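S.K.:
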Amino acid sequence: MAAIETSGLTKTYGELTAVDGLNLTVRDGEVFGFLGPNGAGKSTTINMLLDFTRPTAGSATVLGYDAQAEADEISPRVGVLPEGFDIYPRLSGRRHVEFAIQTKDAANDPDAIIERVGLSAEDAARPAGDYSKGMRQRLATGMALVGDPDLLIMDEPSSGLDPHGIREMQDLVRSEAERGTTVFFSSHILEHVETVCDRVGVLNEGELVAVDTIEGLRESVGGGGTMELTLADGDAGRFRENAAAVAGITEVVATGRTLECTVTDSAAKAGAVVALDDAGATVDDVRIEDVSLETLFTALTNGDGEVGADTAGTAQSADATTGAAAASSEVSE
Amino acid sequence: MSSHIGTVARKEFEDAGRSKLLWALIGLLVGFVAIGYVGIWFADDEATAAEVLTFVGLPLQIIIPIAALIAGYMAVVGERRSGSIKLLLGLPPNRTDVVFGKLLGRMAVIGTAVVLAFLVSLVLGAALFGSVPFADWFGFAAVSVLFGLTFTGLAVGVSAGVSTRGRAMAVVVGIYILLVGLWELVTAGPYYLIYDEGPPVEAETWYLLVEQLNPIAAYTTLMNTVVEGQMDVIMFRFGLEDFEAMTMTPAERYAGDAPFFLQDWFSAVVLLLWLLVPVAIGYYRFQNADL
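In order, the protein sequences belong to chains A and B.
Start counting the first sequence at 15; every next residue gets the next number (my numbering).
Start counting the second sequence at 840; every next residue gets the next number (my numbering).
(1) In three-state terms, what does DSSP make of B/Pro1038?
(2) Would you mind sorting B/Ile1073 into buried or exposed? The rule is 16 or more other CB atoms within 10 Å of its CB.
(3) Mind pulling the chain A residues with CB within less than 9 Å of B/Ser842?
(4) Extract the residue ranges of the alpha helix (DSSP H) inside the segment 986-1064 of chain B, only unbroken runs of 4 or more that lie entirely within it.
(5) If you count every other CB in all the chains shown that lies within 10 Å of the CB of A/Asn61, and 16 or more means buried, which is it?
(6) List the residues of chain A whose Cβ lies closer than 8 Å to the Cβ of B/Ser921, in chain order.
(7) Determine the direct distance from the alpha carbon of A/Ile180 to that of A/Glu206, and round the result to whole angstroms.
(8) Return no unless some Cβ of chain B is closer than 8 Å to the Cβ of A/Leu105.
(9) With A/Met157 as the anchor, note down where its alpha helix (DSSP H) starts and where it stops.
(10) Classify A/Ala261 as helix, strand or coil using the three-state DSSP reduction.
(11) Based on Cα-Cα distance, which residue from A/Ser106, A/Pro124, A/Glu112 lies nearest to A/Arg150?
(12) With H, G and I counted as helix, E and B as strand and the rest as coil, what does DSSP make of A/Val321?
(13) By DSSP's criteria, A/Tyr79 is part of a beta bridge. Which residues make up the other side?
(14) In terms of residues, what are the limits of the beta strand (DSSP E) holding A/Ile18?
(15) Consider the Cβ of B/Pro1038: report whether some Cβ of chain A lies at a distance smaller than 8 Å.
(16) With DSSP as the reference, please indicate the residues paired to B/Ala956 in a beta bridge.
(17) Determine the direct distance from the alpha carbon of B/Leu899 to that of B/Met1087, and round the result to whole angstroms.
(18) By alpha-carbon positions, which one of A/Gly22, A/Arg301, A/Arg252 ends up nearest to A/Glu274?
(19) In chain B, which residues lie less than 7 Å from A/Ala154 when you measure between Cβ atoms?
(20) With 9 Å as the C-beta to C-beta threshold (strictly closer), list the residues of the segment 55-69 of chain A near chain B in chain order.
(21) When the Cα atoms are used, what is the spatial distance from B/Val953 to B/Ser983?
(22) By how many angstroms is the C-alpha of A/Leu63 removed from the C-alpha of A/Gln82?
(23) Is B/Phe979 near B/Gly896, with beta carbons less than 8 Å apart?
(24) Is it right to say B/Gly1121 is buried, meaning 16 or more other beta carbons lie within 10 angstroms of its own, or is it exposed?
(25) In angstroms with no decimal places, state the Cα-to-Cα distance between B/Val1116 and A/Thr59.
(26) Tell me, please, whether the CB atom of B/Leu867 is closer than 8 Å to any CB atom in chain A?
(27) Just to make sure I have the definition right: I need the residues of chain B whose C-beta is within less than 8 Å of the C-beta of A/Gln116. Which are they?
(28) Do you know offhand how far B/Asp975's Cα is from B/Tyr1046's?
(29) Sorted by chain position, which residues of the same chain lie with C-beta nearer than 7 Å to B/Gly845's C-beta, five sequence neighbours on each side aside?
(30) Below 8 Å CB to CB, which residues in the same chain sit around A/Ser21 once its five sequence neighbours on both sides are set aside?
(31) How many Å lie between A/Ala250 and A/Asp279 at the Cα?
(32) I need the straight-line Cα distance from B/Ser998 to B/Gly944, nearest angstrom please.
(33) Using only alpha-carbon positions, find the residue among B/Ser923, B/Ile865, B/Ala947, B/Thr951 that is nearest to A/Gly143.
(34) Threshold first: 4 residues or longer. Then list the alpha helix (DSSP H) segments lying entirely within the segment 84-130 of chain A, N to C.
(35) Are the C-beta atoms of A/Pro124 and some chain B residue less than 8 Å apart?
(36) Please determine, among A/Thr67, A/Leu166, A/Ala286, the residue with the shortest C-alpha to C-alpha distance to A/Asp194.
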């Protein structure tokens, strides 16, 4: 059974299409990262899964229940960290957790939950109105964990957290996943999801432009990356054109003695060195950095994120109907 | 599938109980009653406790609706604007639980405030005037609680039915102004245009029914049936209606046996309608809203 399945899910606001015919499957037990820039339609999608917003067309199921008609069956089984939420400023943090326990009819110890999300007992006793953004995020995360949900839906869980808090959030997602919880969470920052996700889906302008494993995405990037060549003599700018002419190099920036090349094909690295040597340059040093997924993410989401299916990574993306994979050849502005 | 109305209502009551605004309103309500009693005691120690009760009822018909409207108009829309409703709806409570839980929670707050005010009046009445007409007192308190709950329901209904705080405030203030400031204009005005004269004591039946539908008038009508004495409706007058008619209930103005909808008891139905209809409309709109 799929933990989340949407079929042709669409939401329009007047002329604006926020989510456009989304077909997405999140499998039971996986950690799924829902990526996309701000305004891509991530929250609108999640709001439709939670029945906060009603779809214009299409449908969605969560844990096998219809997200609209059977919403009451879903909410006791999922933990939700919504986007743009607020706490009850006059009630203590502990009272929030107790309220979640009451509504879920759960047996959790409120103090254990509070400790787990990194709030102190003193903080928990204070009115939540005094909390910082990060503390509110922790409190809401704690409320989502109440009742040991089968599925965690988290909308931008890292917002408001410092790097330390983000690491804790990632640890928490990992430990929940180990318990068998399916985790579906959104982010506009790839590096927050890449270390914990089994698969990611990339949403852009309401459409799913890629669904794959992190490894699959990496593979489809190929040997791409950036190569920094340090030349022996002064002005690297003279050789800029030589480097740029090499097939598989898409961009060259010259700064002082260095040429920074964006490489989309592994073979181009050697080619660049040869080409520069032929042109009379002496290469002093070569530094190679694998392409970050960030580059790919940017390419997928900068508007014309059209992707070829020829290098479609792994079979895991079979359930994605739209452009299921990312192709390295498109990693360019 | 169990209902979470009770859980939401308890949280709501607890939350509202920490609101300084609500405590201020309760203080105002209790304070008015206390000041009224002591004031009358100073001015006229011949007054009976029953007369004092009627006198105290006069400001209540203004303060109770205002307190209830303030307590209720942000109930649902406030959470919608802040986003706490997402935290709430992400938990098992659904929209039905939210609307009715909020309604019960806010009603409990206003109910408590009115009961407190009346307990103070009971104590002061006994201390300053010796006797307390217990039956009158109890009836008056019960009618006042119903009056408070009516306006709480109206406010929560409006709060559920709109999407912004500004609209909730506009609708609530608009309704209050209609009931208190413009009522005679919009009821007796058309009457004047149709019949070329302001409504006399024995006005047309439709007009008497319309008069009966004002919840504040309904409150005073009920008041006058449970308490010995005469309490008038406080509202802005335009001099369109017969002066004598202002102090009479619709049943008294009807020649002969009044139909059921003009009877005094129908005022209780009117109050319940002002509670239920806005809640029903607000609930329907909230059910279908994108949050």
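Each residue gets a CB set at the ideal place from its N, CA and C atoms; glycine is no exception.
Treat the numbers as computed from the prediction; the structure is a model and nothing was measured.
M.R.: In short:
(1) Walking along the second sequence from the start, residue 1038 of chain B turns up at place 199. Here DSSP, grouped into helix, strand and coil, assigns B/Pro1038 to coil.
(2) For the purposes of this step, residue 1073 of chain B is taken as residue 234 along the second sequence, with counting starting at 1. It counts as exposed.
(3) Translated into the one-based positions of the second sequence, residue 842 of chain B becomes position 3. Neighbours of B/Ser842 on chain A: none; closest Cβ ~10 Å, over 9 Å.
(4) Whole alpha helix (DSSP H) segments, 4+ residues: 1004-1019, 1022-1034, 1044-1051.
(5) By 1-based counting over the first sequence, the position of residue 61 of chain A is 47. By the neighbour-count rule (16 or more Cβ atoms within 10 Å), A/Asn61 is buried.
(6) Within the second sequence, numbered from 1, the residue matching residue 921 of chain B stands at position 82. Near B/Ser921 (Cβ distances below 8 Å), the residues of chain A are Asp100.
(7) As a first step, residue 206 of chain A is located in the first sequence; it is residue number 192 there, counting from the start. As a first step, residue 180 of chain A is located in the first sequence; it is residue number 166 there, counting from the start. The sequence as given places His at residue 206 of chain A; Glu does not occur at that position. Each residue's CA atom was taken as its position, placing A/His206 and A/Ile180 some 7 Å apart.
(8) Translated into positions along the first sequence, residue 105 of chain A becomes position 91. The beta carbon of A/Leu105 falls within 8 Å of a beta carbon belonging to chain B, placing the residue at that interface.
(9) As a working mapping, residue 157 of chain A is identified with position 143 in the first sequence. Note, A/Met157: alpha helix (DSSP H), 147-159.
(10) Counting from 1 along the first sequence, the entry for residue 261 of chain A is found at position 247. In the structure shown, A/Ala261 sits in coil (DSSP, three-state: anything other than H, G, I, E or B).
(11) For the purposes of this step, residue 150 of chain A is taken as residue 136 along the first sequence, with counting starting at 1. Checked all of A/Ser106, A/Pro124, A/Glu112; the closest Cα to A/Arg150 is A/Ser106.
(12) Translated into the one-based positions of the first sequence, residue 321 of chain A becomes position 307. Its pLDDT being 41, under 50, A/Val321 is placed unreliably by the model, and the measurement read from it follows with that caveat. Judged by DSSP in its simplified three-state form, A/Val321 adopts coil rather than helix or strand.
(13) The count along the first sequence starts at 1 and reaches residue 79 of chain A at position 65. Paired residue(s): A/Val76.
(14) Here residue 18 of chain A refers to the residue found at position 4 of the first sequence. Its beta strand (DSSP E) spans residues 16-27.
(15) Here residue 1038 of chain B corresponds to residue number 199 of the second sequence, with the count starting at 1. Closer than 8 Å: no.
(16) Numbered from its first residue, the second sequence carries residue 956 of chain B at position 117. Looking at the DSSP assignment, B/Ala956 forms no beta bridge with any residue, so it has no partner.
(17) For the purposes of this step, residue 1087 of chain B is taken as the residue at position 248 of the second sequence. For the purposes of this step, residue 899 of chain B is taken as the residue at position 60 of the second sequence. If you draw a straight line from the Cα of B/Met1087 to the Cα of B/Leu899, it is about 19 Å long.
(18) As a working mapping, residue 274 of chain A is identified with position 260 in the first sequence. A/Glu274 has its Cα closest to that of A/Arg301, out of A/Gly22, A/Arg301, A/Arg252.
(19) For the purposes of this step, residue 154 of chain A is taken as the residue at position 140 of the first sequence. What A/Ala154 touches in chain B: Leu926.
(20) Considering only beta carbons, the part of the segment 55-69 of chain A lying closer than 9 Å to chain B consists of Asn61, Leu64, Asp65, Phe66, Thr67, Arg68, in chain order.
(21) In the second sequence, residue 953 of chain B corresponds to position 114, counting from 1. In the second sequence, residue 983 of chain B corresponds to position 144, counting from 1. If I take the Cα positions, the gap works out to 7 Å.
(22) Position 68 of the first sequence holds residue 82 of chain A. Position 49 of the first sequence holds residue 63 of chain A. Computed Cα separation, rounded: 8 Å.
(23) Counted from its first residue, the second sequence places residue 979 of chain B at position 140. Counted from its first residue, the second sequence places residue 896 of chain B at position 57. Against a cut-off of 8 Å, the Cβ pair of B/Gly896 and B/Phe979 comes out as a contact.
(24) If you number the second sequence from 1, residue 1121 of chain B lands on position 282. Buried: at least 16 other Cβ atoms inside 10 Å.
(25) For the purposes of this step, residue 1116 of chain B is identified with residue 277 of the second sequence, where counting begins at 1. For the purposes of this step, residue 59 of chain A is identified with residue 45 of the first sequence, where counting begins at 1. For B/Val1116 and A/Thr59, the distance between alpha carbons rounds to 34 Å.
(26) Position 28 of the second sequence, counted from the start, is the residue given in the question as residue 867 of chain B. The C-beta of B/Leu867 comes no closer than 8 Å to any C-beta of chain A.
(27) Here residue 116 of chain A refers to the residue found at position 102 of the first sequence. Residues of chain B passing the Cβ test: Thr846.
(28) Working through the second sequence from its first residue, we reach residue 975 of chain B at position 136. Working through the second sequence from its first residue, we reach residue 1046 of chain B at position 207. So the alpha carbons of these two residues sit roughly 30 Å apart.
(29) The sequence position of residue 845 of chain B within the second sequence is 6, counting from 1. Once the five neighbours on either side are set aside, B/Gly845 has no close Cβ partner at all.
(30) The residue labelled residue 21 of chain A in the question sits at position 7 within the first sequence. The answer, listed in chain order, is Asn37, Gly72, Ser73, Ala74.
(31) Numbered from 1 along the first sequence, position 236 holds the residue referred to as residue 250 of chain A. Numbered from 1 along the first sequence, position 265 holds the residue referred to as residue 279 of chain A. Using only the alpha carbons, I get a separation of about 22 Å.
(32) As a first step, residue 998 of chain B must be located in the second sequence, where it is residue number 159. As a first step, residue 944 of chain B must be located in the second sequence, where it is residue number 105. Between B/Ser998 and B/Gly944, the C-alpha separation is close to 14 Å.
(33) As a working mapping, residue 143 of chain A is identified with position 129 in the first sequence. Looking at the Cα atoms, B/Ser923 is the closest of the given residues.
(34) As far as the segment 84-130 of chain A is concerned, its whole alpha helix (DSSP H) runs of at least 4 residues are 85-88, 107-118, 124-130.
(35) The residue you call residue 124 of chain A lines up with position 110 of the first sequence. Output row for A/Pro124: interface = no.
(36) What you label residue 194 of chain A is simply residue 180 of the first sequence in a count that begins at 1. Checking the sequence shown, residue 194 of chain A turns out to be Gly, not Asp. For A/Gly194, the closest alpha carbon among the candidates A/Thr67, A/Leu166, A/Ala286 is that of A/Leu166.
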